[in-house]
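The opening residue of the sequence shown carries number 1 in full-length UniProt numbering; numbering runs sequentially from there. Quick notes on the structure that follows.
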Amino acid sequence: MLRLSRGARIGLGTIVTVVLVFMYVPLLLVVLNSFNAARIASWPIRDFSLEWWGKAFASEPIRAALLNSVLVGLGATAVALVLGTLVAFALQRHSFFGKQSVSLLIVLPIALPGVVTGVALNNTYNQLLEPIGIQVGYFGMIIAHATFCIVMVFNNVFARLRRLSPNVEEASRDLGATPWQTFRLVTFPQFRSAFIAGGILAFALSFDEVVVTIFTAPAGVDTLPLWMMNQMARPNEASTVNVVATIVILFSLLPVWASQRLGREIGDRN
């Protein structure tokens, strides 16, 4: 075990404290300003009010943007769960020519800057597909989000599959189970936690995406992060944006907490 001197512990603790303060004080200011009675966010807060919360919940554009974020997130997650799991099985269970190249291509979208992905997909939709009569519309935004969400599922499932023993599956087949029965009753329960954790992370990643959405969203369609970004140019709407940001912060805690719980379950099983 690595033992640190008293001075090193104090120095390390100070650095961690400064980093945490730098990260979370701005979020706290957003939450506090959502209750600010002033129309423009300010500090210190002189009066508190729930006026902006009421306006946010009554706003039709906010509800529409939230619905779009949820639908796109669910669609991208569904695509990512299917394709990410299939690719994870293919790369972990089989050897074939170009295996490492396929692995690189799967992981690459998460490493590319969002603006590169957005521009590439925008050019594809507008310059290749539309001239031949294919209008991707809403579905194009889902596919755009799925390109990087697949990585979340793939990484989780692939890592779990590498730790599974093939003996249990072989025993199931020896006892007369069909491939589908073996998968449903033996294989899937063993990587289910990783599958769910990957899906949660994929949804959270899609829900928060801004850059790719800018380039691929159909005209007149806003997701919640895109709506927030557009409203920041209007100072009089800053208080309402703080309300929405506060709600997003609260709901963002859920997938993080769930993925950590699932991660601990995977660790305990190992």
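Just so it is clear, CB atoms sit at the ideal spot from N, CA and C, and this is done for glycine as well. Just so we're clear, the structure is a prediction, and the values are computed from it rather than from any experiment.
Take valine 30 as the anchor and find which of Leu250, Val256 and Asn122 has the nearest alpha-carbon. Per the C-alpha coordinates, the member of Leu250, Val256 and Asn122 positioned closest to valine 30 is Leu250.
For phenylalanine 97, three-class secondary structure by DSSP: coil
Nearest residue (CA-CA) to glycine 199, options Met232, Val210 and Asn156: Asn156
Short Cβ contact (7 Å threshold) for valine 241 with methionine 228: yes
Is the stretch 175-186 touching the stretch 108-128 in the sense that three or more CB pairs, one from each, lie closer than 8 Å? no
Cβ distance (whole Å) where alanine 58 is taken to contact aspartate 222 below 8 Å: Not a contact, Cβ separation roughly 17 Å.
Three-state class that DSSP yields for phenylalanine 48 in the structure shown: Strand at phenylalanine 48.
Spell out a yes or no on whether the stretch 140-150 and the stretch 203-210 are touching, meaning 3 or more CB-CB pairs, one atom from each, closer than 8 Å. Using a C-beta cut-off of 8 Å, the stretch 140-150 makes contact with the stretch 203-210, since at least three inter-stretch Cβ pairs fall below that distance.
Check for me: the alpha helix (DSSP H) holding glycine 7 runs from which residue to which? 6-33
May I ask you to verify whether the stretch 210-222 touches the stretch 62-81, counting CB pairs closer than 8 Å and requiring at least 3? yes
DSSP has asparagine 36 in a bridge; who is on the other side? Phe48.
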